[in-house]
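Asker: Before I ask anything, here is the structure I am working with.
Protein chains: 2
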Amino acid sequence: MLRATLLIIGDEILSGRTRDVHLQHFAIKLGALGIVLAEVRVVSDAPDAIASALRDLAGRTRYLFTTGGIGPTHDDRTVDALALAFGLTLVEDEETLAAYRASQGVASVDELTAESRRMTRRPSEAVMVQNADFPRSPAIRLVLPTGGATSTTDTGASELFVLAGFPRVAVAQLDAVLPLLETGQKVLSETRAFPVMESKVAAPLTQLVARHPAVEFGSYPQEPKDGKYETQVVARSTDATALQAAVKDLEGLLDK
Amino acid sequence: MLRATLLIIGDEILSGRTRDVHLQHFAIKLGALGIVLAEVRVVSDAPDAIASALRDLAGRTRYLFTTGGIGPTHDDRTVDALALAFGLTLVEDEETLAAYRASQGVASVDELTAESRRMTRRPSEAVMVQNADFPRSPAIRLVLPTGGATSTTDTGASELFVLAGFPRVAVAQLDAVLPLLETGQKVLSETRAFPVMESKVAAPLTQLVARHPAVEFGSYPQEPKDGKYETQVVARSTDATALQAAVKDLEGLLDK
Numbered sequence: 031m032l033r034a035t036l037l038i039i040g041d042e043i044l045s046g047r048t049r050d051v052h053l054q055h056f057a058i059k060l061g062a063l064g065i066v067l068a069e070v071r072v073v074s075d076a077p078d079a080i081a082s083a084l085r086d087l088a089g090r091t092r093y094l095f096t097t098g099g100i101g102p103t104h105d106d107r108t109v110d111a112l113a114l115a116f117g118l119t120l121v122e123d124e125e126t127l128a129a130y131r132a133s134q135g136v137a138s139v140d141e142l143t144a145e146s147r148r149m150t151r152r153p154s155e156a157v158m159v160q161n162a163d164f165p166r167s168p169a170i171r172l173v174l175p176t177g178g179a180t181s182t183t184d185t186g187a188s189e190l191f192v193l194a195g196f197p198r199v200a201v202a203q204l205d206a207v208l209p210l211l212e213t214g215q216k217v218l219s220e221t222r223a224f225p226v227m228e229s230k231v232a233a234p235l236t237q238l239v240a241r242h243p244a245v246e247f248g249s250y251p252q253e254p255k256d257g258k259y260e261t262q263v264v265a266r267s268t269d270a271t272a273l274q275a276a277v278k279d280l281e282g283l284l285d286k
Numbered sequence: 031m032l033r034a035t036l037l038i039i040g041d042e043i044l045s046g047r048t049r050d051v052h053l054q055h056f057a058i059k060l061g062a063l064g065i066v067l068a069e070v071r072v073v074s075d076a077p078d079a080i081a082s083a084l085r086d087l088a089g090r091t092r093y094l095f096t097t098g099g100i101g102p103t104h105d106d107r108t109v110d111a112l113a114l115a116f117g118l119t120l121v122e123d124e125e126t127l128a129a130y131r132a133s134q135g136v137a138s139v140d141e142l143t144a145e146s147r148r149m150t151r152r153p154s155e156a157v158m159v160q161n162a163d164f165p166r167s168p169a170i171r172l173v174l175p176t177g178g179a180t181s182t183t184d185t186g187a188s189e190l191f192v193l194a195g196f197p198r199v200a201v202a203q204l205d206a207v208l209p210l211l212e213t214g215q216k217v218l219s220e221t222r223a224f225p226v227m228e229s230k231v232a233a234p235l236t237q238l239v240a241r242h243p244a245v246e247f248g249s250y251p252q253e254p255k256d257g258k259y260e261t262q263v264v265a266r267s268t269d270a271t272a273l274q275a276a277v278k279d280l281e282g283l284l285d286k
């Protein structure tokens, strides 16, 4: 199975000031490519927290995405933390420097502010992934140096994509990254609703689960409406035939 | 600093089917008690994923909360994973059994369904935290058996609270748990907005940050409205006097 991990970086999420919008967006976009989000972590802006999470997650899944900690200010530390985590050297990206020069109408890199130049940094081994909407804000793409894997053809290694936290930029960056990803077997999903409390589906569902080993089932009680209960059962599989058989069986769940 | 970690359990969050509502709610409720949310993780319903995260997070922060994986069906595995992670024995909770008997109007435990009895399980070392709204759904409270700490007075140990994933139940459970928590120094926060791009505040803000070591600053560009930029700067501190001085300084950020 093709899997990914998402690392969301930002004190503003952990303090409750800002509500996360990345998790569900990544889950849906990656899911459409058959890439399963295996885990999500949210850590603070502190470089050691970011570096520790990056080291911990490297090599666990085929892809690792980060959002946040990208920007011109003192609290934007993701790129520094990345260098810290893996002993990487940071360089200024020529193409991004050119985009800054163009947008500020200056001929020389020396006329750019320190803050602008800070935004062009990437590990020397990384490449930038351009997006059409924000030419000064490419995503950073890097095969993480773990397990001796140093090439993008090493499927055992994690490939890292570093994206912004600002939602509109992250959306544009992810859209540009998606065509670069391997695609997996898409997880197909069907939902059926039953007008009962969840405890009423538990026993028959356990039997049904045993009959369909190629299908995963989730059971989700809904908020009662007008005092009426509803439990939704989701069946998921990469195997369309197995899913169809399971759904047929599921539709008769309460018929005994 | 008094810190907590939140472990959100559920395939439905990772698949994007359901949008998480717990993170921000916990952040705000805990923040009001001076408890800082240090990290959040989202993992699947798989018992080994839950157990691995529990073991990894035990002992890192004073409090560890889980949501999800609580219920009568086969995909509700948090309590089993907890037992697996720490080699704990599960028992049926007498008081919860009584609540089930009362709600179903049966005299004997033997008349309860297997699904109902499954919902009353807790590690033998744990206690239940009752809430007024859902007498059959108490939270589980347990001092995690790490570092030899086995008593609730061991402040070096993590205290675990296991809550439901269903939002209304989790809210009621957390409200019942909050009075049991130690309180820390509340982080005070002030926000000031500046009508400029974030890059314009970067240099003066770096200087201001250096002048106020007891205060943390975050800088957040806003979505432009009618082509007008805005950058919000948040100052945070547990020290009211230091915060006041920093905010006064912050208000003159662009005056040079």
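So the sequences go chain by chain: A and B. Read in order, the letters of the first sequence are residues 31 to 286 in the numbering used here. Read in order, the letters of the second sequence are residues 31 to 286 in the numbering used here. Beta carbons: idealized from backbone N, C-alpha and C, even for Gly.
Looking at chain A, which residues of the region 57-78 of chain B have a Cβ within less than 8 Å of any of its Cβ atoms?
Answerer: Going along the region 57-78 of chain B in chain order, one finds Ala57, Ile58, Gly61, Val66, Leu67, Ala68, Glu69, Val70, Arg71, Val72, Val73, Ser74, Asp75 with a Cβ nearer than 8 Å to chain A.
Asker: So for Ala76(A), helix, strand or coil by DSSP?
Answerer: Correct three-state label for Ala76(A): coil.
Asker: Out of curiosity, what's the CA-to-CA distance linking Thr185(B) and Arg92(B)?
Answerer: Because the pLDDT of Thr185(B) is 47, which lies under 50, any placement of that residue in the model is unreliable, and the question is left without a value.
Asker: Among residues of its own chain, excluding the 5 on either side of Gly195(B), which ones have a beta-carbon nearer than 6 Å to its beta-carbon?
Answerer: The answer, listed in chain order, is Gly40, Thr97, Gly98.
Asker: In this structure, what does DSSP give as the bridge partners for Met227(B)?
Answerer: Beta-bridge pairing links Met227(B) to no other residue.
Asker: Starting from the beta carbon of His52(B), find every residue of chain A whose beta carbon is closer than 8 Å, and list them in chain order.
Answerer: Per Cβ cutoff of 8 Å: no residues; His52(B) is ~11 Å from chain A at best.
Asker: Of all the residues that make up the region 262-276 of chain A, which are near chain B by a beta-carbon distance shorter than 9 Å?
Answerer: Going along the region 262-276 of chain A in chain order, one finds Val263, Val264, Arg266 with a Cβ nearer than 9 Å to chain B.
Asker: Could you check whether Val217(A) and Val66(A) sit closer than 8 Å to each other, using their CB atoms as the reference points?
Answerer: A contact, by the Cβ cut-off of 8 Å.
Asker: For chain B, is any of its Cβ atoms less than 8 Å away from the one on Glu17(A)?
Answerer: This structure leaves residue 17(A) out entirely; chain A is present only between 31 and 286.
Asker: Give the range of the beta strand (DSSP E) segment to which Thr35(A) is assigned.
Answerer: From DSSP, the beta strand (DSSP E) with Thr35(A) extends over 33-39.
Asker: Using CA coordinates, which residue listed in Leu284(A), Glu220(A), Asp269(A), Gln203(A) is at the minimum distance from Ser229(A)?
Answerer: Here the closest residue by C-alpha is Leu284(A).
Asker: Here's a check: name, in chain order, each residue in its chain whose Cβ is nearer than 6 Å to the Cβ of Val109(B), leaving out the five neighbours to either side.
Answerer: Arg151, listed in sequence order.
Asker: Using a Cβ-Cβ cut-off of 8 Å, state whether Ser181(A) counts as contacting chain B.
Answerer: With a pLDDT of only 38 at Ser181(A), under 50, the local geometry of the prediction cannot be trusted, and the value read off the model is given with reservation. No, its Cβ sits nowhere closer than 8 Å to a Cβ of chain B.
Asker: Tell me whether Thr107(A) is buried or exposed, calling it buried when 16 or more other Cβ atoms sit within 10 Å of its Cβ.
Answerer: The sequence shown places Arg at residue 107(A), not Thr. The residue is buried, with at least 16 neighbouring Cβ atoms inside 10 Å.
Asker: Could you list which residues in chain A have their beta carbon closer than 7 Å to that of Gly46(B), in chain order?
Answerer: Under the 7 Å cutoff, chain A gives Gln54, Ala57, Ile58, Gly61.
Asker: When you compare only the Cα positions, how much space is there between Thr213(B) and Ser74(A)?
Answerer: Distance between the alpha carbons of Thr213(B) and Ser74(A): 21 Å.
Asker: Three or more C-beta pairs closer than 8 Å, one from the region 258-278 of chain B and one from the region 221-240 of chain B: is that the case here?
Answerer: These segments touch.
Asker: What residue from Ile38(A), Pro102(A), Ala187(A) has the CA that sits closest to Ala81(A)'s CA?
Answerer: Nearest option by C-alpha distance: Ile38(A).
Asker: Answer yes or no: do Leu120(A) and Tyr130(A) have a C-beta to C-beta separation smaller than 8 Å?
Answerer: For Leu120(A) and Tyr130(A), no; Cβs fall outside 8 Å.
Asker: Measuring alpha carbon to alpha carbon, tell me which of Ser267(A), Thr271(A), Pro251(A), Phe224(A) ends up nearest Gly282(A).
Answerer: With distances taken between Cα atoms, Gly282(A) lies closest to Phe224(A).
Asker: Would you mind sorting Gln203(A) into buried or exposed? The rule is 16 or more other CB atoms within 10 Å of its CB.
Answerer: Counting Cβ neighbours within 10 Å, Gln203(A) comes out buried, since at least 16 surround it.
Asker: Drop a sphere of 10 angstroms on the beta-carbon of Arg222(A), count the other beta-carbons inside from all chains shown, and report buried for 16 or more, exposed for fewer.
Answerer: Arg222(A) is exposed by the Cβ-count criterion.
Asker: 8 Å is my cut-off, CB to CB: does Leu235(A) come that close to chain B?
Answerer: For Leu235(A), the answer is yes, since a Cβ of chain B falls inside 8 Å of its Cβ.
Asker: If you reduce the DSSP assignment to three classes, tell me which class Lys278(A) lands in.
Answerer: Residue state, collapsed to three classes: helix.
Asker: Rounded to the nearest angstrom, what separates Glu122(B) and Phe56(A) at their Cα positions?
Answerer: Cα to Cα, Glu122(B) sits roughly 39 Å from Phe56(A).
Asker: Where does the unbroken alpha helix (DSSP H) through Glu260(A) begin, and where does it stop?
Answerer: Neither: Glu260(A) is in no alpha helix (DSSP H) and is coded neither H nor E.
Asker: Show which residues of chain B have a CB atom less than 8 Å away from the CB atom of His104(A).
Answerer: Result: Ala232, Leu235, Thr236, Val239, Phe247, Ser249.
Asker: Does the Cβ of Pro243(B) have 16 or more other Cβ atoms within 10 Å, making it buried, or fewer, making it exposed?
Answerer: That one is exposed.
Asker: With a threshold of 8 Å between beta-carbons, can Phe196(A) be considered close to chain B, or not?
Answerer: Yes, Phe196(A) counts as interfacial toward chain B.
Asker: Restricting to Cα atoms, I'd like to know which of Asp140(B), Ser146(B), Glu189(B), Tyr259(B) is closest to Thr35(B).
Answerer: Comparing Cα positions, the closest option is Glu189(B).
Asker: For Arg33(B) versus Glu253(A), is the C-beta distance shorter than 8 Å?
Answerer: No, Cβ-Cβ distance for Arg33(B) and Glu253(A) is not below 8 Å.
Asker: Could you check the C-alpha separation between Arg90(B) and Asp140(A) for me, to the nearest Å?
Answerer: Distance between the alpha carbons of Arg90(B) and Asp140(A): 45 Å.
Asker: Is Met149(A) buried or exposed, if buried means 16 or more other CB atoms sit within 10 Å of its CB?
Answerer: Label assigned to Met149(A): buried.
Asker: Mind checking if Thr143(B) is an interface residue toward chain A, Cβ cutoff 8 Å exclusive?
Answerer: So, interface residue.
Asker: DSSP three-state label for Ala156(A), please.
Answerer: Residue state, collapsed to three classes: coil.
Asker: How close, in whole Å, do the beta carbons of Asp50(A) and Gly248(B) come, if the pair is a contact with beta carbons under 8 Å?
Answerer: Wrong, their Cβ atoms sit about 15 Å apart, outside the cutoff.
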